[in-house]
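One structure below.
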Amino acid sequence: MKVENEEVVEKKDKKRIYILLFLLLLFLVILPFLIYYFFVKYIYVKDFQDSITISLNEPFQMEEMKACYGNFFTCTPVSYEYIGEEVDTSKIAEYEGKYRFTYHEKVKELTQIIKVVDQEPPTLEFSKEEVIVCPNGTISEQIATSTDAYDGDLTDQITYQVLEEEVEYAIKDSSGNENKKTVPARIEDTVAPTIELKGNQTYYIKVNEEFTDPGYTASDQCDGDLTAEVEVENTINTKSPGEYYLKYSVKDHSNNQTTIKRTIYVYQESNQSNTGKNIYLTFDDGPSIYTDTLLNVLKKYNVKATFFVTNNGPDAAIIRAYNEGHTIAIHTATHNYRTICASEDAFFSDIQSVRNRIKNLTGYET
2 MKVENEEVVE KKDKKRIYIL LFLLLLFLVI LPFLIYYFFV KYIYVKDFQD
52 SITISLNEPF QMEEMKACYG NFFTCTPVSY EYIGEEVDTS KIAEYEGKYR
102 FTYHEKVKEL TQIIKVVDQE PPTLEFSKEE VIVCPNGTIS EQIATSTDAY
152 DGDLTDQITY QVLEEEVEYA IKDSSGNENK KTVPARIEDT VAPTIELKGN
202 QTYYIKVNEE FTDPGYTASD QCDGDLTAEV EVENTINTKS PGEYYLKYSV
252 KDHSNNQTTI KRTIYVYQES NQSNTGKNIY LTFDDGPSIY TDTLLNVLKK
302 YNVKATFFVT NNGPDAAIIR AYNEGHTIAI HTATHNYRTI CASEDAFFSD
352 IQSVRNRIKN LTGYET
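One gets our numbering by counting positions in the sequence shown from 1 and adding 1 to each.
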């Protein structure tokens with residue numbers, strides 16, 4: 002049996018002494034805190050949160066807390082009040098909240114960070130149950146709208162991704178709240194491009210007078226700007242009186258075609274003295290059963306007039322009048338003045354409805 006030498010024993014004894022001294026010192030340090038915690042009375046609050054979050058527009062209410070005056074063994078309820086910043090939950094912000102706890106002369110204050118945040122994602126609504134996708138992968142019409150409780154209208158920030166048989170729309174507000182929805186998709190392009198003529202639809206020029214085409218623009222809902230692809234057919238002979246035209250045609254990449262024309266009347270100036278007076282022929286309230294008869298007479302004498310139309314009567318009469326170089330203008334949609342003059346909005350809505358009819362029939366915006 003081995004016997005430890007004296008040097009080893011002495012080292013172990015010293016180590017035990019150091020450990021005991023450390024534990025004694027630690028006890029002496031902790032003892033005041035233990036005495037204070039278990040026996041000394043003070044104001045304390047259970048489960049107080051240093052930071053809280055409130056949703057936008059949610060009313061701010063003072064937190065319910067359990068506040069005591071006492072120690073580990075006792076708890077006398079303590080009154081408290083909110084003395085911090087006024088919290089406006091109508092806007093995103095951060096406030097310093099403060100509570101004061103009072104028990105007789107004893108006072109304790111605690112600070113709390115109050116964050117007003119937007120946690121509600123923006124809406125995504127659709128005017129149609131299906132979206133038409135152009136063959137090139139772009140969307141030809143806007144069917145989605147979005148609003149946010151804080152940011153307002155976000156429609157122009159909507160993004161989309163074309164998938165196999167549907168389109169995924171997404172919108173994110175300034176707080177990072179996101180909303181995504183998918184809509185069934187159909188790939189097609191059946192809408193013809195549009196041609197907008199610069200200048201007038203009809204021109205009157207004298208024999209041998211030079212005429213320059215004012216120009217045009219063409220666009221398509223799927224293919225964008227098609228101005229460079231417009232073909233122009235020119236039949237003008239300024240040396241001979243008569244009715245001529247410039248015909249503009251354009252096709253989109255899906256073979257939809259639009260054709261419109263500009264009419265040019267070349268006339269021989271009269272030898273009679275010029276009185277400086279003009280006569281303008283206008284016909285109101287049509288088209289009617291008499292419109293074709295009027296057009297026949299006007300055509301016979303090569304006279305142009307203005308037809309102020311309503312939303313009644315045959316489409317063919319409007320198309321014929323336009324194609325024969327007459328001006329198509331707006332009268333009213335219904336002639337019901339009680340309705341038309343009910344308000345400013347009602348008046349312009351009535352006018353716009355006739356304008357839309359003329360545009361749909363002729364391609365011309367009067």
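Yeah, the Cβ is synthetic: ideal placement off N, Cα and C, and Gly gets one too.
| query | result |
| --- | --- |
| Exposure label - residue 292; buried when at least 16 CB within 10 Å | buried |
| N- and C-terminal bounds of the alpha helix (DSSP H) containing residue 94 | First-last for residue 94: 94-104, but that is the beta strand (DSSP E), not the alpha helix (DSSP H). |
| Terminal residues of the beta strand (DSSP E) in which residue 180 lies | 179-188 |
| Assigned secondary structure, residue 158 (DSSP; H/G/I helix, E/B strand, else coil) | helix |
| Length of the line joining the Cα atoms of residue 311 and residue 262 | 23 Å |
| Close-in-space but distant-in-sequence residues of the same chain around residue 197 (CB under 7 Å, 5 per side omitted) | 217 and 218 |
| Own chain residues within Cβ distance below 6 Å of residue 21, not counting five before or after | none |
| Test item: CB-CB of residue 43 and residue 85 under 9 Å | no |
| Proximity of residue 159 and residue 146 at Cβ, strictly below 9 Å | yes |
| C-beta atoms of residue 193 and residue 257 nearer than 9 Å | yes |
| Selection from 94, 224 and 332 that minimises the alpha carbon distance to residue 254 | 224 |
| Residue nearest to residue 173 in terms of C-alpha spacing, selected from 362, 114 and 182 | 182 |
| Nearest-angstrom Cα separation, counted from residue 205 out to residue 211 | 11 Å |
| Residue 111 - containing beta strand (DSSP E), residue span | 107-118 |
| Beta carbon of residue 121 nearer than 9 Å to that of residue 57 | yes |
| Pick from 157, 200 and 163 that is closest to residue 264, judged by C-alpha positions | 200 |
| Beta-carbon separation (whole angstroms), residue 367 vs residue 329, contact threshold 8 Å | 6 Å |
| Own chain partners of residue 47 with C-beta closer than 6 Å, once the 5 adjacent residues on each side are dropped | 67 |
| Cβ neighbours of residue 162 in the same chain (closer than 6 Å, five flanking residues each side left out) | 169 |
| 8 Å CB neighbourhood of residue 322 in its chain, flanking five on each side removed | 288, 292, 296, 308 and 329 |
| Boundaries (first-last residue) of the beta strand (DSSP E) holding residue 124 | Note, residue 124: premise wrong, no beta strand (DSSP E); not H, not E. |
| Residue 220, DSSP secondary structure in three states | strand |
| Complete runs of the alpha helix (DSSP H) confined to the stretch 257-287 [at least 4 residues] | none |
| Where residue 317 falls, given that 16 or more other Cβ within 10 Å makes a residue buried | exposed |
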